[in-house]
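First comes the structure, then the notes that go with it.
Numbering (the numbering used here), first residue to last: 12 to 167.
As structure tokens, then:
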């Protein structure tokens, strides 16, 4: 498990990317210069909820994709699969290792490609089913912060 995380965080030697019409690897924006890249959402989708990503080692990819009731944009390279989720999908939950939460959909530059284009109008994968499946496949019990009701009736 730790080896997977170390592999994710260690940049690989640069490969020549497959070119799309924009001169960039399809699915990934230009590298940011610090060994990371931002996932590009296809132009026909709006990201009004912001954009984060959840990554899992490739060995879990097909199992998660086949079990999700609704799927957004999914990107993959040889080692990791990434699902777009709305910004803040890490609030009050602890994503289990070896998954990796990437705010702003900024991930290590591994030349990911879009492998699943959603049929609907949303680029997002619903985060709760993704979280529960990730927990199930990694054998980790789901964990989130309990809501409390203050004396004035406000939930915090």
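The C-beta atom is built at its ideal place from N, Cα and C for all residues, glycine as well. Source: prediction; values computed, not measured.
Quick check on the burial criterion: 16 or more other C-beta atoms within 10 angstroms. Buried or exposed for residue i?
i: residue 94; result: buried
i: residue 152; result: exposed
i: residue 72; result: buried
i: residue 63; result: buried
i: residue 139; result: exposed
i: residue 48; result: buried
i: residue 163; result: exposed
i: residue 131; result: exposed
i: residue 57; result: exposed
Mind checking which residues open and close the beta strand (DSSP E) that includes residue i?
i: residue 64; result: 63-68
i: residue 138; result: Here residue 138 belongs to no beta strand (DSSP E); instead the alpha helix (DSSP H) covers 138-149.
i: residue 124; result: 124-127
i: residue 113; result: 111-113
i: residue 119; result: 117-119
Taking only three categories from DSSP, how would you classify residue i?
i: residue 71; result: helix
i: residue 36; result: Any reading at residue 36 must be qualified, since the residue scores a pLDDT of 40, below 50, and its modelled position is unreliable; the value itself is stated next. Residue 36: coil per DSSP, three-state reduction.
i: residue 102; result: coil
i: residue 47; result: strand
i: residue 76; result: helix
i: residue 152; result: coil
i: residue 95; result: strand
i: residue 133; result: coil
Using DSSP's beta-bridge definition, name the partner residues of residue i.
i: residue 89; result: According to DSSP, which records beta bridges pairwise, residue 89 is partnered with nothing at all.
Can you list, in chain order, the residues of its chain with a C-beta nearer than 7 Å to that of residue i? Leave out the 5 residues immediately preceding and following it.
i: residue 82; result: 76, 127, 129 and 136
i: residue 103; result: 155 and 156
i: residue 98; result: 60, 61, 62 and 63
i: residue 80; result: 140
Looking only at its chain, what residues have a beta carbon closer than 6 Å to the beta carbon of residue i, apart from the 5 residues adjacent to it on each side?
i: residue 106; result: 112
i: residue 146; result: 107 and 153
i: residue 34; result: Residue confidence for residue 34 is low, a pLDDT of 36 falling below 50, so the modelled location carries little weight; the figure read from the coordinates is stated next. Counting only Cβ-Cβ distances below 6 Å, and skipping sequence neighbours, we find nothing.
i: residue 117; result: 47 and 49
For residue i, which residues from the same chain have a beta carbon less than 8 Å from its beta carbon, with the 5 sequence-adjacent residues on both sides left out?
i: residue 78; result: 144
i: residue 53; result: 84, 125, 128 and 134
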